[in-house]
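Accompanying notes for the structure given below.
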Amino acid sequence: MSGPFSDLTETLFEEKSVLSESYQPDKILERDEEIEGYRYALQDVLFGREPDNVMLYGKAGLGKTAVTKYMMDALQKEVSIRDEADELFVHDLNCNGKTLFMIIRRLVNELLPDSASPFPKRGLGTGDAFDELYKQLDRHGGTHLLVFDELDHLDDADTLLYELPRAQANKHIVEAQIGVIGISNNYTFRNSLSSKVRDTLMEREISFRPYHADELRTILNDRAKRAFAEGSWDDSAVAMAAAIAAKDQGNARQAIDLLRTGAEIADRTGDDCIRDDHVENARELVQRGRLKTRIQDQTDHAQYILETMAYLEKDYETPARSKTIKTNYETVAESWGAEPLSTLKSIQKHLSDLQMLGFLNRRAENKGRKGGHYYEYQLDLDAEIILETRDELEGQLQ
Ligand SMILES: Nc1ncnc2c1ncn2[C@@H]1O[C@H](COP(=O)(O)OP(=O)(O)OP(=O)(O)O)[C@@H](O)[C@H]1O
Ligand SMILES: [Mg+2]
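Heads up: the sequence shown runs through residues 57 to 454, numbered per the numbering used here.
So this is what it looks like as structure tokens:
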């Protein structure tokens, strides 16, 4: 019996999950210096001593999380075969959107015996949570590496970084040892800490720089070999994805996304080989997606103005003055059942904001004393994308 799925076969992909975000590579490429820095900072764990605190810095997609996971796994393995090493516990905590209390409570709950009830959400304070944490750490003994990812998003990183590194010196913990690993996107994070924390943290800093095109190529080639069936990709398509991402932010996540999206496009069009044009299409698709998100993030009236500009553009009426834009904008706003903003000033303010955000181009016109001085605006992006996005958004609201 045949159904809508029966003719589907896996052609290009051998193991597509290798290109997914959750995939943890078993080897890390092109990050030897960072690995060396980590190795040095954590080596004391192997000899039963307290390790250095580590702070990792670097923009999105540069391998901070992947390298950290790799190092933690490698250390666990090594600890298990060395007699002089204490037992090792690794705690992964993502701080995004969390308060200090939530994070410490989460740690406590990880450490409590299975039979115990969780640390209460209400009624006790952060100080109580720290007390319980120290008690539990001592109950376990051994070495605990506490990995705080996206640490710059924590509401009170200062207190965290004041308390934990001093726990042993202050005799809050006696049986256990801890090492703090903080990961941050933000290079100025250290400056946001108080001077007493900065002066005493004594952390090792490892900074992750953007990948070059040839490094991304190595990473992508390795993934391609595992992800795709033999002979189903062109080396130049891989090189292209690497080059695009290197030119942008040197972000490995973006490079992998481009390759995966390119492969999906090839797969959908029934091609048996991933070529440059598939990656090029993937780039456009990804850019379009990003642009749509940016349009969505604008206020309703800013979106009506963008929509107005798209219509004017299609009717060859741009560049246009704010007065013309205002008249047309009123029709657009009303067509969506909204009350238009009434003053020219408010429209001009929106136009100026949209220009600063890169949606519009502005040029100054000076027509002498009689004509006066004014600005003319036109779109700096494809009108179709705006109209498509607007349709989709309003469609979702219906
Ligand atoms: N050197 C590398 N070798 C193999 N894969 C890598 C390497 N660097 C990054 N990757 C892969 O690229 C993707 C992004 O890396 P990762 O999640 O570690 O970035 P990050 O620096 O933690 O970014 P963010 O700040 O956004 O969390 C992951 O899929 C990861 O497996
Ligand atoms: Mg990360």
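Where is the CB? At the ideal position from N, CA and C, for every residue including glycine.
C-beta contact flag for residue i and residue j at 7 Å
i	j	result
residue 297	residue 342	no
residue 397	residue 357	yes
residue 338	residue 325	no
residue 274	residue 86	yes
residue 189	residue 230	no
residue 234	residue 200	yes
Residue interval of the alpha helix (DSSP H) (run including residue i)
i	result
residue 187	182-196
residue 268	Residue 268 -> no alpha helix (DSSP H), and no H or E assigned at all.
residue 434	Note, residue 434: premise wrong, no alpha helix (DSSP H); beta strand (DSSP E) at 429-435.
residue 71	Premise fails: residue 71 is in no alpha helix (DSSP H) and is neither H nor E.
residue 23	Because residue 23 is not part of the residues shown, which for the chain are 57 to 454, the question remains open.
residue 366	356-370
residue 254	251-257
Simplified DSSP state of residue i, which is helix, strand or coil
i	result
residue 228	coil
residue 238	strand
residue 334	helix
residue 409	helix
residue 113	strand
residue 140	coil
residue 175	coil
residue 61	coil
residue 129	helix
residue 199	strand
residue 87	coil
residue 404	helix
residue 323	helix
residue 328	coil
residue 223	coil
beta-carbon residue i near ligand 1 non-hydrogen atom, thresh 6 Å
i	result
residue 87	yes
residue 241	yes
residue 266	no
residue 60	no
residue 24	The structure shown has nothing for residue 24, since the chain only spans 57 to 454.
residue 361	no
residue 81	yes
residue 280	no
residue 84	yes
residue 459	Only positions 57 to 454 of the chain appear in this structure, which leaves residue 459 out of reach.
residue 309	yes
Span of the beta strand (DSSP E), counted from its first residue to its last, around residue i
i	result
residue 421	416-422
C-beta neighbour in chain D for residue i, strict 7 Å
i	result
residue 337	You won't find chain D in this structure, because it holds only one protein chain.
**Prompt:** What does the shell around ligand 2 hold, if a residue joins when its beta-carbon is under 6 Å from any heavy atom?
**Reply:** 120, 121, 205
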